[in-house]
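S.K.: Numbering (this note's numbering), first residue to last: 241 to 622. We treat Cβ as the ideally placed atom computed from N, Cα and C, and that holds for glycine. Remember, predicted model here, so these are calculated numbers, not experimental data. Dumping the structure here so I can ask a few things about it.
See below:
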């Protein structure tokens, strides 16, 4: 981007001073409608329209749509999407979990560059590398916001659910929910950190446990493979819980100190033999498996639920009461939580394992999420 120096406009010594039109004179020749837009927004070159993929009906497929360019309103920015992760919770909008949101462009694991801002924007700059996660904005006035607990805002906005998301060439984000992305991170690897990464990182750092306590990770897929890395980097003794010997080598490579194969032994008994886990972080939606693991919690241990499991989990009150154990759920986090997650990932070399899809393969990427071992990422420029 070219910059302009006021000094460059001054005449050299001995040169005549030539009168130039004033700003007011220039603006006088611009139609009012264009002038109004110029005064409200600042932008880099962009198209008049762009491509996106949206759910247009309940339980339907993704459809290619053409979106007309809209300048950002005050407290909004427009981002050119470099990468958008595909998350299991993208299905909630398709399945109507948040009511009739159709048509809706999904996607809440977004990395891109700022392409347009409001003229009153004071934080975000054109060309800046930023991100957008699940948390899409907050009201600042409800009881939770007044406590600084923005992720539980009573009027929380959600990218890709309640507002259009990142399965697109461009996306509009609310300024208060934008995430600063540190330099040196590959956008395709960083994008899933804004949901899968922040959920595992943010939940574990709030569990009030101390190394070398045991943290058991149930499942080593899209969430679990990040949870193993994060728990190891935090200094905990990490136990991977999965099924099949073929996954053991990868689990240990990702940071597991122990691997318990559910196809060969009772995982709860094996965990209890280690003294129990202070936290069992459940990353794979399997109500039956999760319920059987509750007795394997150490005293004052926590069953931490971060996977969306639609089925009820059977719980023995005795197992909880006798061990002072608890069950907690954890949503993702707001912008500063995401920034902490990205900084942690960069410092500790936490890597998301991804498979890339071009934007025109958005449906294939979405379908891939349920069978993928790790994370599908849509890359508009691929």
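Residue 367 to residue 355, Cα distance in whole Å?
M.R.: 6 Å
S.K.: Take residue 615 and list the residues in its own chain whose beta-carbon comes closer than 6 Å to its own, dropping the five residues that flank it on each side.
M.R.: 325, 432, 462, 592, 594
S.K.: Going by C-alpha to C-alpha distance, which of 389, 369, 393 sits closest to residue 379?
M.R.: 393
S.K.: Could I get the ranges of all uninterrupted alpha helix (DSSP H) runs contained in the region 440 to 513, with 4 residues as the minimum, in chain order?
M.R.: 464 to 473, 488 to 494, 507 to 513
S.K.: Could you tell me the boundaries of the beta strand (DSSP E) in which residue 596 lies?
M.R.: 594 to 598
S.K.: For residue 296, which residues from the same chain have a beta carbon less than 6 Å from its beta carbon, with the 5 sequence-adjacent residues on both sides left out?
M.R.: 303, 342, 343
S.K.: Residue 606 by DSSP, collapsed to three states: which one?
M.R.: helix
S.K.: Are the CB atoms of residue 523 and residue 484 nearer to each other than 8 Å?
M.R.: Not a contact, by the Cβ cut-off of 8 Å.
S.K.: With a threshold of 8 Å, are at least 3 pairs of Cβ atoms found where one atom belongs to the region 569 to 585 and the other to the region 435 to 451?
M.R.: yes
S.K.: Could you tell me whether the region 332 to 342 touches the region 357 to 374, using the rule of 3 or more Cβ pairs below 8 Å?
M.R.: no
S.K.: Which term fits residue 298, buried or exposed, when burial requires 16 or more other beta carbons within 10 angstroms of its beta carbon?
M.R.: exposed
S.K.: According to the Cβ coordinates, are residue 486 and residue 502 closer than 8 Å?
M.R.: no
S.K.: Does DSSP put residue 346 in a helix, in a strand, or in coil?
M.R.: coil
S.K.: Using only alpha-carbon positions, find the residue among 412, 576, 359 that is nearest to residue 307.
M.R.: 412
S.K.: Express the C-alpha separation of residue 513 and residue 562 in angstroms, rounding to a whole number.
M.R.: 18 Å
S.K.: Starting from residue 316, trace the beta strand (DSSP E) in both directions and tell me its first and last residue.
M.R.: 316 to 326
S.K.: Rounded to whole angstroms, what is the Cα-Cα separation between residue 510 and residue 566?
M.R.: 20 Å
S.K.: What would DSSP say about residue 563, mapped onto helix, strand or coil?
M.R.: Look at residue 563 here: in three-state DSSP terms it is helix.
S.K.: With a threshold of 16 other CB atoms inside 10 Å of the CB of residue 507, please say whether the residue is buried or exposed.
M.R.: It counts as buried.
S.K.: Going residue by residue through the region 512 to 544, where are the continuous alpha helix (DSSP H) segments of at least 4 residues, counting only ones entirely within it?
M.R.: 527 to 533
S.K.: Which parts of the region 356 to 398 are runs of the alpha helix (DSSP H), unbroken and 4 residues or longer, counting only runs that do not cross its ends?
M.R.: 383 to 386
S.K.: Spatial neighbours of residue 491 within its chain, please: C-beta separation below 6 Å, excluding the five flanking residues on both sides.
M.R.: A distance below 6 Å between beta-carbons, with the five flanking residues on each side excluded, links residue 491 to the following residues of its chain, in chain order: 460, 480, 499.
S.K.: Just to confirm my understanding: we take residue 604, look at its own chain, exclude 5 residues before and 5 after, and list those with CB closer than 7 Å. What are they?
M.R.: 597
S.K.: Roughly how many angstroms separate the alpha carbons of residue 263 and residue 363, rounded to a whole number?
M.R.: Caution applies to residue 263, whose pLDDT of 37 falls short of 50 and renders its modelled position unreliable; the model cannot decide the point.
S.K.: Residues in the same chain with beta-carbon distance under 8 Å from residue 515, minus the five sequence neighbours each way, listed in chain order, please.
M.R.: 454, 538
S.K.: Where residue 544 and residue 464 are concerned, what is the direct C-alpha to C-alpha distance, given to the nearest angstrom?
M.R.: 12 Å
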